[in-house]
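Protein chains in written order, with the numbering used here: chain X, 1484 to 1778; chain E, 71 to 316; chain H, 675 to 1007. Here a beta-carbon is modelled for each residue, glycine too, at the ideal position from N, C-alpha and C. Below is one structure; the comments refer to it alone.
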């Protein structure tokens, strides 16, 4: 009996739990942006992963020029937010009123452009974003890096900040009013086309911030967007489409499961976990695992 | 039309020869009417003659295929609804359509949060809303969807008032309300009139309309068929029977 | 993405050819060109043309879903890839490698994938369907990529091209010309078959689903069953394209099961014009030609997908019917 407990990787489990929560919070930030855009504008932003990727690359560039991780985070987020707004105005506004499937196609086209632009501009060799904080602390008898905790904290802070913004600020009220009744929102003087642009910019900003925050955790290359957008889509479906709280819960849930799976499987197979979760969700609770009551 | 407009008689809102389609259905067949500043004008007619569509056209929610709409002499046809709201047109639709998941306060805020309105003015407007609608003050932090039908109607009107509009388009405000509330609506229309806000009132309730309005238009099959001062008509007038009788 | 109601063939005008006659004359003309082309083109371009036909078949299979049933699929890479691997498997197992077995195996593999995708995906509408097909195709990719023992993993499978053999009648190797004609025959046959299907009562129901799914269901059609059949058919033809690709190029690689293939397919469809069946083939040709041209003019490293991406977006916004969209009604009569 004792032998079993001795061989059971308890410490590994704990480390992976923390890891799972850390990457789960980053995924939650990415998925929140996606859910926001879908829930409010009915747009499936296929290019969301590429916005994440661009954020990471811009982070690398800004960090290289200024030496500050925090500046990199802010600048990259701002630039991508503006890019997102431009994207929405040029390619998505003309599609308002048309079949929403067109938005998938158009954002898919944009993802192609952004991906190849990154390849062209930054080359095929993966980049690395150095950690902002290099100190460690002891978790049980292992050293765990502080920066991962900081990143998790920042992701949570951004999500929380956004939630507050949505609830209490003027623009937040505008967003919520527009979501509930687009026509009456306009009749109340709310400039709905600009609300949409703003929402898209915020979603893009969230993706970019996640990219920068993820930077130190892995390698940055031009194809990383697809992996992340796939995971984000899974999270959004599992969490219940358009349900912000659900996405966050689902993100952490899926990430935890994957982290645990990584103890026994190698990483390229650990992704199967998220696929299995999706399939099970679709089979038994298609409206979402974390939706209060299935309709 | 005279070359120089007589400013004192320039209507606030003028609709000229409006034709509107829903898909292939020709709903409005050349509607023309006008509302003077501060005037209460009634729009009567059976169900489906195009009264609501006329209001929606003025609010920019439906694009007319022909005709124009003028606000204080300037053409506003085709402008986006949110611009019209900012220019001074308030809209209270049939079935109220308040934001159900927003609180009463937040509903009012959607009209209050405008550029160029200082905090003081906002507070005065809020106070005014709560004075006229004390029930809303009591429920200010409740979600709009939890209010009763009558309270929601009050909220819809109060919300439009927050825009400080020059004209309010009221679409069947007494529909589905108890008689007690109907007289409340009547009072509110009077209050608004006294403040100088014009009202274009679409209603099925003939007595209310005749009492509250200065002039009335009667529509049938997508165009205006009769137009006179409200005082010229009695409830049992043959004209009323002709266009509104069953 | 709606189309005009189906029109019956117009009655014969005085001295004018009927629609049917014009159509078949056009068809024969195009076929003649495609048959003769490899005889006059240099080998590179002949093979290029053959590949366009194969991609065209893949895109055409996708058109059945996008253009006629109104379901956007990002999962065709799975059908294509499984067709490819299925054929590869058969070609590696049998000695001598048998062409017909390969086709059967490929179609079987694609059908299996299609059934899987269809079952889940038809429970979801529109956008959710599109996303789920994407996720499922990636599932297949991961399986193929990591199951190295069976699929050769990263390196894929290499095999020899089978002979074109009919027992007791013929047994010959393929050369560039005969390969092309074989592919052309299968692609043309598929086109005619798909055309027959889209114009049949079954096809009419599919189009009705595209126009208004709720109403179709209200009338009493078992919409889910129709969708499943549509996905199966689409998967089968996509699988056939995979088989042809494998036979022509003598390898199977996981890259083709990757999302990019699905993405390309959708691009061919949109550029060429959905709901036309031939449009996607034209779209495939347009895309490949442009790519070839750009790499020749600007060099191999030129990110040709950037200008192509812009063209793609521009077509969605300004020319949503695609290049051949103007002919859509005519082609479907």
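Not one beta carbon of chain X lies nearer than 8 Å to the beta carbon of residue 718 (chain H). Partner residues in the beta bridge of residue 213 (chain E), as assigned by DSSP, are E:173.
In the displayed model, residue 769 (chain H) falls within coil according to three-state DSSP, outside both helix and strand.
Counting C-beta atoms within 10 angstroms of its own C-beta, residue 861 (chain H) has 16 or more neighbours from the protein chains shown and is therefore classed as buried. The secondary-structure analysis by DSSP pairs residue 92 (chain E) across a beta bridge with E:95.
Within the region 236 to 280 of chain E, the runs of alpha helix (DSSP H) at least 4 residues long that lie entirely inside it are, in chain order, 249 to 264.
Under the DSSP definition of a beta bridge, residue 845 (chain H) partners with H:839. Annotation: the continuous alpha helix (DSSP H) that includes residue 1635 (chain X) extends over 1629 to 1651. Contact between the region 166 to 185 of chain E and the region 222 to 232 of chain E is present: 3 or more CB-CB pairs across the two stretches fall below 8 Å. The beta-bridge partner set that DSSP reports for residue 962 (chain H) is empty. DSSP places residue 992 (chain H) in the helix class (H, G or I) of the three-state scheme. As summarised for the region 1698 to 1728 of chain X, the continuous alpha helix (DSSP H) elements at least 4 residues long and confined to that stretch are 1707 to 1722, given in chain order. DSSP places residue 80 (chain E) outside both helix and strand once states are collapsed to three, so it counts as coil.
With contacts defined as CB atoms closer than 8 Å, residue 1659 (chain X) and residue 171 (chain E) qualify as a contacting pair.
Sequence-distant Cβ neighbours of residue 140 (chain E) in its own chain, meaning closer than 6 Å and more than five residues away, are 84. Take the alpha-carbon of residue 985 (chain H) and the one of residue 967 (chain H): they are about 15 Å apart. Taken through DSSP and simplified to helix, strand or coil, residue 974 (chain H) comes out as coil. According to the DSSP assignment, residue 812 (chain H) belongs to no beta strand (DSSP E) but to the alpha helix (DSSP H) extending over 800 to 820. Selection H:897, H:744, H:739 evaluated against residue 750 (chain H) yields H:739 as nearest (Cα-Cα). Here residue 109 (chain E) is buried: its Cβ has 16 or more other Cβ atoms, across all protein chains shown, within 10 Å. Per DSSP, residue 137 (chain E) is one residue of the beta strand (DSSP E) stretching across 136 to 141. Annotated three-state conformation of residue 1671 (chain X) is coil, per DSSP. Looking from the CA of residue 89 (chain E), the closest CA among E:276, E:233, E:81, E:101 belongs to E:101. Taking a beta-carbon distance threshold of 8 Å, residue 1667 (chain X) counts as an interface residue toward chain E. Residue 299 (chain E) sits in a strand when the DSSP states are folded into three classes. Between the C-alpha atoms of residue 1531 (chain X) and residue 704 (chain H) there is a straight-line separation of about 42 Å. The beta-carbon of residue 1724 (chain X) is placed no less than 8 Å from the nearest beta-carbon of chain E. When secondary structure is reduced to three states using DSSP, residue 132 (chain E) falls in the coil class, being assigned neither helix nor strand.
A distance of 8 Å or more separates the beta carbons of residue 1556 (chain X) and residue 1684 (chain X). Counting along the chain, residue 285 (chain E) sits inside the beta strand (DSSP E) bounded by residues 285 to 290. Straight-line spacing of the CA atoms in residue 996 (chain H) and residue 863 (chain H) works out to 24 Å. By the Cβ-count criterion, residue 769 (chain H) is exposed, with fewer than 16 other Cβ atoms from all chains shown falling within 10 Å of its own Cβ. Within chain E, the residues whose beta carbon sits less than 8 Å from that of residue 1663 (chain X) are 169, 170, 171, 172, listed in sequence order. The region 943 to 959 of chain H makes no contact with the region 758 to 767 of chain H; the number of CB pairs closer than 8 Å stays below 3.
Using a Cβ distance threshold of 8 Å, residue 991 (chain H) and residue 1590 (chain X) do not count as a contacting pair.
Nearest C-alpha to residue 963 (chain H) among H:720, H:813, H:692, H:812: H:720.
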